[in-house]
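Residues in the sequence shown are numbered from 1 upward in steps of one, following the UniProt record's numbering.
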Amino acid sequence: MKSNNHQSQQPQQQQQQQSTTDVAISHSTTISTATEATKAEFQFRKPTTEFDDLNFKQRHRRRMSLPMTNRPTMEQESIVEKMERLMASQNVTDVPKTAGLVAKIVSSLDTAAAAAAAELAKTSTVRQKSISPESGNRNKQQQQSTNRSRRDSNASHSSMGSSYTSDEEDSDEDDDIDSISPRFRQPRPINTKKQSDFCVRDIRDAEFGRREIEYAERGMPGIMALRESAKDDQPLKGARVMGCTHINAQTAVLIETLLDLGATVRWSSCNIYSTQDSVAAALAERGVPVFAWARQSEDDFWWCIDQCLTTDSWRPNLILDDGGDATHLMLKKYPASIKLLKGIVEESLTGVHRLYQLSKTGKLLVPAINVNDSVTKTKFDNLYSPRESIIEVLKRTTDTLLGGHIALVCGYGEVGKGCASALKGAGVIVFVTEIDPICAIQACMDGFRVVTVNEMISVADIVITATGNKNIIIRKHMDKMKDGAILCNMGHSNSEIDVKSIRTSDLIWEKIRSQVDHIIWPNGKRLILLGQGRIANLSCSHMPSFVASITCTTQVMALIELYKAPSGRYKSDVYLLPKKMDEYVASLHLASFDAHLTILTEEQEKYMGISKSGPFKPNYYRY
Numbered sequence: 001m002k003s004n005n006h007q008s009q010q011p012q013q014q015q016q017q018q019s020t021t022d023v024a025i026s027h028s029t030t031i032s033t034a035t036e037a038t039k040a041e042f043q044f045r046k047p048t049t050e051f052d053d054l055n056f057k058q059r060h061r062r063r064m065s066l067p068m069t070n071r072p073t074m075e076q077e078s079i080v081e082k083m084e085r086l087m088a089s090q091n092v093t094d095v096p097k098t099a100g101l102v103a104k105i106v107s108s109l110d111t112a113a114a115a116a117a118a119e120l121a122k123t124s125t126v127r128q129k130s131i132s133p134e135s136g137n138r139n140k141q142q143q144q145s146t147n148r149s150r151r152d153s154n155a156s157h158s159s160m161g162s163s164y165t166s167d168e169e170d171s172d173e174d175d176d177i178d179s180i181s182p183r184f185r186q187p188r189p190i191n192t193k194k195q196s197d198f199c200v201r202d203i204r205d206a207e208f209g210r211r212e213i214e215y216a217e218r219g220m221p222g223i224m225a226l227r228e229s230a231k232d233d234q235p236l237k238g239a240r241v242m243g244c245t246h247i248n249a250q251t252a253v254l255i256e257t258l259l260d261l262g263a264t265v266r267w268s269s270c271n272i273y274s275t276q277d278s279v280a281a282a283l284a285e286r287g288v289p290v291f292a293w294a295r296q297s298e299d300d301f302w303w304c305i306d307q308c309l310t311t312d313s314w315r316p317n318l319i320l321d322d323g324g325d326a327t328h329l330m331l332k333k334y335p336a337s338i339k340l341l342k343g344i345v346e347e348s349l350t351g352v353h354r355l356y357q358l359s360k361t362g363k364l365l366v367p368a369i370n371v372n373d374s375v376t377k378t379k380f381d382n383l384y385s386p387r388e389s390i391i392e393v394l395k396r397t398t399d400t401l402l403g404g405h406i407a408l409v410c411g412y413g414e415v416g417k418g419c420a421s422a423l424k425g426a427g428v429i430v431f432v433t434e435i436d437p438i439c440a441i442q443a444c445m446d447g448f449r450v451v452t453v454n455e456m457i458s459v460a461d462i463v464i465t466a467t468g469n470k471n472i473i474i475r476k477h478m479d480k481m482k483d484g485a486i487l488c489n490m491g492h493s494n495s496e497i498d499v500k501s502i503r504t505s506d507l508i509w510e511k512i513r514s515q516v517d518h519i520i521w522p523n524g525k526r527l528i529l530l531g532q533g534r535i536a537n538l539s540c541s542h543m544p545s546f547v548a549s550i551t552c553t554t555q556v557m558a559l560i561e562l563y564k565a566p567s568g569r570y571k572s573d574v575y576l577l578p579k580k581m582d583e584y585v586a587s588l589h590l591a592s593f594d595a596h597l598t599i600l601t602e603e604q605e606k607y608m609g610i611s612k613s614g615p616f617k618p619n620y621y622r623y
């Protein structure tokens, strides 16, 4: 009887076991589906587009802002893994206990998912609040401060990274303050002095910019010596200087030197990419009317220059220009104000060409000093700065092994000489293009073969423009360039490379990293364009502070010369800086090398027919 009862109960137990197993499987399937949906919300995934990449970074930052206990991770357990771990820890062997554990796990997962979703919703709400000077919590300000610190550190000249990647892509793109042009931002930001006569990316970056400026001062002995020696005399007292130059830590030292020498200034940038935002903020915090930020639109660029040319209570009597844009706009929009100028100082080859054209046609109504062709600019800024920076530009932006590759340097002026020399020293096989037979023979005797663009464009791995002219590399050249070739400009603005010709529907632009774009042809060929065709050593690197010191000191001396010159000394024409001033600028920089000049004796003075105090060379002398 017992045996029969036992046999009759066995099918019932099997049926019950099968029923319980079905329930467990059903629960497991439901939980797995819910878990996969939950994991899909939190887990990392590979971005597929630029827009998707931005959303991916925003979600990642949002996750990192959650408390550690609520933060979802890539190692989050699956439902099966959690069941196996709990069953193993409790030695579960029978089905009823398994079904009970399933119910417990469902409950715990629901609670955890609800808590995470609530925290995520809370974080999203905080992210959606607009930023204003009065709003934002302390933690967010600290995070932005950290991001700005990292960003400026990466942008600094002393960056140690092998790749030119920037935290701007990770920290700035989702900051509300970057979502609108600073010129349209309301309410208008003010500095700690309650002043609002400026327009910069973010005035809160001022502290970091001040550190950059102070660091640059340590590497600029010449202009600091001039500031110290002339500040008591105030040689620029009453001068009103409108500046349109690159705005970085080095030019900030120039601007503050002008202030210390008695001038008032208004400043804009000559390049839409090269502005160091933190430095512009530091100048604005000091009270300088500065109108500049990185990545401007063309409309913003001209608006900023216009804000510096004239106000209701201020008109410039001196212009310091780089490229001739400020001079051009004043002649076009404020022709009456040009007559109030004591003079123009121009530092670039392109701007100098514009001045000579104006002089030739009788449209240059004031004196101008050509700083670009002064010895201290030509032999130091134009030569040594590119020589120092071109290798850094290529390494930081492309991670390319340079040795053994073929480079085509277009132009063998001072900039081209510096680039070619540096590339040759890095093991690059260098070819040169030139229009001037004198420069061409110099290139030949320096060991470079002189060719035309058409001869070498299809085999060059690196193409560098350094002419100061326009349309050196045009679309037909770029069509012939090899896959993976690098194209960059070390000359002026974005005119040397015909960038407009490759902004067409048949080509795809793919942003790889800051200031690096891949231009993709229909056949899959990729061309690597640096800085969107603008000056690479300013948009992708930095100028050595010592070289900048020589150039900036020369500019200050030129402004003082025009401002203090007696009436009639200079007519409406283009002049070079007097030789003695070139020599004085050079002498201010010798002490940092512990260099000692030899002094002529009286007999030697008479024999050479020169003074022991200079000038030591005639104006026509070529160093």
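From the three backbone atoms N, C-alpha and C, an ideal C-beta is built for every residue, glycine too.
Are the CB atoms of CYS308 and ARG354 nearer to each other than 8 Å? No. Outside cutoff.
What three-state label does DSSP hand MET445 in the structure shown? In the displayed model, MET445 falls within a helix according to three-state DSSP.
Proximity winner among TYR570, LEU254, ALA368, GLY418, relative to ASN537 (alpha-carbon distances): Closest in C-alpha terms to ASN537, from the list TYR570, LEU254, ALA368, GLY418, comes GLY418.
Within its chain, find whatever has a CB closer than 6 Å to the CB of ASP573; leave out the 5 residues flanking it on each side and keep chain order. SER359, listed in sequence order.
Taking only three categories from DSSP, how would you classify ALA294? Here ALA294 sits in coil by DSSP.
What is the DSSP secondary structure of GLY531, counted as helix, strand or coil? In this structure, GLY531 counts as helix in the three-state DSSP scheme.
Secondary structure of ALA249, DSSP reduced to three states: If DSSP states are grouped into helix, strand and coil, ALA249 belongs with the helices.
Is it true that the segment 527-546 meets the segment 555-572, where meeting means three or more beta-carbon pairs spaced less than 8 Å apart? No: fewer than three Cβ pairs fall under 8 Å.
Going by DSSP, what residues sit across from HIS518 in a beta bridge? GLU510, ILE528.
Are there 16 or more other CB atoms within 10 angstroms of the CB of PRO187, so buried, or fewer, so exposed? Looking at its Cβ environment, which holds fewer than 16 other Cβ atoms inside 10 Å, PRO187 is exposed.
Report the start-end ranges of each alpha helix (DSSP H) in the segment 544-602 that is 4 residues or longer and not cut off at the edges. Here the runs fully enclosed are 545-564, 579-587.
Taking the alpha carbon of SER611 as the reference point, which residue from VAL516, LEU600, TYR620 has its own alpha carbon closest? The residue from VAL516, LEU600, TYR620 with its alpha-carbon nearest to that of SER611 is LEU600.
MET242 in three-state terms, based on DSSP: In the three-state reduction of the DSSP assignment, MET242 falls in the strand class, which pools E and B.
Among GLY287, GLN532, LYS579, whose alpha-carbon lies nearest the alpha-carbon of ILE190? Nearest option by C-alpha distance: GLY287.
From CYS489 to LYS395, what distance separates their C-alpha atoms? The identity of residue 489 in the sequence shown is Asn, whereas the question assumes Cys. Spanning the two alpha carbons is a distance of roughly 15 Å.
Once you ignore the five residues that flank ASN471 on each side, which residues in its own chain have a CB closer than 6 Å to its CB? Around ASN471: ASP498.
For VAL366 and PHE291, what's the separation of their Cα atoms in angstroms? So the alpha carbons of these two residues sit roughly 25 Å apart.
Check the C-beta distance from CYS444 over to VAL451 and give it rounded, since I have them as a contact under 8 Å. Not really, about 11 Å apart at Cβ, beyond 8 Å.
At least three beta-carbon pairs within less than 8 Å, the segment 421-433 to the segment 401-410: Under the 8 Å Cβ criterion, the segment 421-433 counts as touching the segment 401-410, having at least three qualifying pairs.
To the nearest angstrom, report how far apart VAL516 and LEU527 are at their CA atoms. Their Cα atoms are separated by approximately 10 Å.
Looking at the structure shown, is CYS488 part of a helix, part of a strand, or coil, going by DSSP? Strand.
Beta-ladder partner(s) of ALA466, from DSSP: Paired residues: none, contrary to the question.
Those residues which DSSP pairs with ASP494 across a bridge: Correcting the residue type first, residue 494 is Asn in the shown sequence and not Asp. Answer is none; ASN494 lacks a bridge partner.
Just to confirm before moving on: does the CB-CB distance between ILE550 and GLY243 stay below 8 Å? ILE550 is not a Cβ neighbour of GLY243, given a cutoff of 8 Å.
Is the segment 226-236 close to the segment 266-285, with three or more CB pairs under 8 Å? No, the segment 226-236 does not touch the segment 266-285.
How about LEU530 and CYS540: are their beta carbons less than 8 Å apart? Less than 8 Å separates the beta-carbon of LEU530 from that of CYS540.
With DSSP collapsed to three states, give me the class of CYS540. Here CYS540 sits in coil by DSSP.
Name, in chain order, the residues that DSSP records as bridge partners for GLU346. According to DSSP, GLU346 bridges with ASP321, ASN370.
Between which two residues does the beta strand (DSSP E) containing SER269 stretch? Secondary structure note for SER269: its beta strand (DSSP E) is the uninterrupted segment 264-269.
Measuring straight from C-alpha to C-alpha, what distance separates PHE198 and ILE535? Cα-Cα distance, rounded: 26 Å.
Going along the chain, which residues of its own chain have a beta-carbon closer than 6 Å to the beta-carbon of LYS511, five neighbours each way excluded? Only ASP517 meet the Cβ criterion.
Given a cut-off of 8 Å on the beta-carbon distance, is the pair THR378 and ASP322 in contact? By the CB criterion at 8 Å, THR378 and ASP322 fall outside the cutoff.
Considering only residues of the same chain and omitting the five flanking positions on each side of ASP300, which have a CB-CB separation below 7 Å? Here the set comprises SER181, ARG183.
Taking only three categories from DSSP, how would you classify PHE431? Secondary structure at PHE431: strand, using DSSP grouped into helix, strand and coil.
Which same chain residues end up closer than 6 Å to SER196 when comparing Cβ atoms and leaving out the 5 residues on each side of it in sequence? Result list for SER196: ARG188, ILE190, in chain order.
Measuring straight from C-alpha to C-alpha, what distance separates SER337 and LEU349? SER337 and LEU349: Cα-Cα distance of roughly 25 Å.
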